[in-house]
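Trainee: First the structure, which I've put down as structure tokens, then a few questions once you've had a look.
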Amino acid sequence: GQQVMQIPQYQHVQEGEDFTTYCNSSTTLSNIQWYKQRPGGHPVFLIQLVKSGEVKKQKRLTFQFGEAKKNSSLHITATQTTDVGTYFCAGVDGGTSYGKLTFGQGTILTVHP
Amino acid sequence: DAGVIQSPRHEVTEMGQEVTLRCKPISGHNSLFWYRQTMMRGLELLIYFNNNVPIDDSGMPEDRFSAKMPNASFSTLKIQPSEPRDSAVYFCASRKGQGARGYTFGSGTRLTVV
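Chains as they are written, first to last, in my numbering: chain X, 1041 to 1153; chain Z, 96 to 209.
In structure tokens:
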């Protein structure tokens, strides 16, 4: 079945440093979604990427979808303590009619003030 | 909008007992998902309902797990009998439509089976 791998598993940064997490799928995706989960919280939808090579920005966050639609990345510029949490990518399997999401294992981000 | 509402927030039960988790999706959302989250296995899809009908239950671990959606505003996930390895956070999520859109997750139920 479809597998979505995410690296790194953990990332510790000083406040103000940049952060990037990478996501790779074993199969071509119809689209990819990103979620953030704060410690003790629930996943919160951030964004969806659909087009090959698509780049979207949300303030300090930049999301990219690879040309082959098998990989994606999330980059945070100048991290803040409010960025702490786990970032998940979730690939949408184009083989299912309902857009089944397969989540990566997530990257846990800690930000030291 | 109250969001996706789950209850209880925490449940501690003894092995062998029946556990029922509840979920109220966002009004107007016709897709509902039950996920389980553990450190070892991450977020796993257990079952997906569309318009109250179970569409994909391939993630339900075994016969001890069952899920129902009697109407558009309520779903349950039942474990009977519960085992310590069922300890996890169980999330319910809903979505409007059947296509690829973002899910709205509830706050989850943290289940501990001792």
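Glycine is no exception: its CB is placed at the ideal position from the N, C-alpha and C atoms.
1) Start and end of the beta strand (DSSP E) containing Ile-1072(X)?
2) Mind checking Gln-101(Z): buried by the 16 CB within 10 Å criterion, or exposed?
3) Closest to Ser-1112(X) by C-alpha separation, out of Ile-1087(X), Pro-1083(X), Val-1053(X), would be which residue?
4) Nearest by alpha-carbon distance to Asn-147(Z): which of His-124(Z), Met-155(Z), Glu-139(Z) is it?
5) Please classify Tyr-1050(X) as buried or exposed, where buried requires at least 16 neighbouring CB atoms within 10 angstroms.
6) Under 9 Å between the Cβ atoms of Ser-1070(X) and Met-1045(X)?
7) Establish whether the CB of Lys-1096(X) and some CB of chain Z are separated by less than 9 Å.
8) In its own chain, which residues sit with a C-beta less than 8 Å from the C-beta of Thr-1060(X), not counting the 5 before and 5 after it?
9) Classify Glu-157(Z): buried if its beta carbon has 16 or more other beta carbons within 10 angstroms, exposed otherwise.
10) Pick out the complete beta strand (DSSP E) segments inside the region 1086-1125 of chain X, 3 residues or longer, and give them in chain order.
11) For the region 101-112 of chain Z against the region 1095-1105 of chain X, do three or more pairs of beta-carbon atoms, one drawn from each stretch, fall closer than 8 Å, so that the two count as touching?
12) Within 10 Å of its beta-carbon, does Met-110(Z) have 16 or more other beta-carbons around it, so buried, or fewer, so exposed?
13) Starting from Val-184(Z), trace the beta strand (DSSP E) in both directions and tell me its first and last residue.
Mentor: So, from the listed chains and residues:
1) Sequence index remark: in the first sequence, residue 1072(X) carries index 32 (1-based). In this chain, the beta strand (DSSP E) harbouring Ile-1072(X) covers 1069-1077.
2) As a first step, residue 101(Z) is located in the second sequence; it is residue number 6 there, counting from the start. So Gln-101(Z) counts as buried.
3) Translated into the one-based positions of the first sequence, residue 1112(X) becomes position 72. When each option's Cα is compared against that of Ser-1112(X), the closest is Ile-1087(X).
4) As a first step, residue 147(Z) must be located in the second sequence, where it is residue number 52. That would be His-124(Z), whose Cα lies nearest to the Cα of Asn-147(Z).
5) Here residue 1050(X) refers to the residue found at position 10 of the first sequence. Exposed: under 16 other Cβ atoms inside 10 Å.
6) The residue given as residue 1070(X) occupies position 30 in the first sequence. The residue given as residue 1045(X) occupies position 5 in the first sequence. Contact: no.
7) The count along the first sequence starts at 1 and reaches residue 1096(X) at position 56. With its beta carbon at least 9 Å from every one in chain Z, Lys-1096(X) lies outside the interface.
8) Walking along the first sequence from the start, residue 1060(X) turns up at place 20. Excluding the 5 residues flanking it on each side, Thr-1060(X) has same chain C-beta neighbours closer than 8 Å at Ser-1113, Leu-1114, His-1115, Ile-1116, in chain order.
9) As a working note, residue 157(Z) is residue 62 in the second sequence. Burial check for Glu-157(Z): the Cβ neighbour count within 10 Å stays below 16, so the residue is exposed.
10) List check, beta strand (DSSP E) in window: 1095-1098, 1101-1105, 1111-1116.
11) Judged by Cβ distances under 8 Å, the region 101-112 of chain Z makes no contact with the region 1095-1105 of chain X, as fewer than three pairs qualify.
12) Taking the second sequence and counting its residues from 1, one reaches residue 110(Z) at position 15. The residue is exposed, with fewer than 16 neighbouring Cβ atoms inside 10 Å.
13) By 1-based counting over the second sequence, the position of residue 184(Z) is 89. It spans 183-190 - the beta strand (DSSP E) in which Val-184(Z) sits, taken as one unbroken run.
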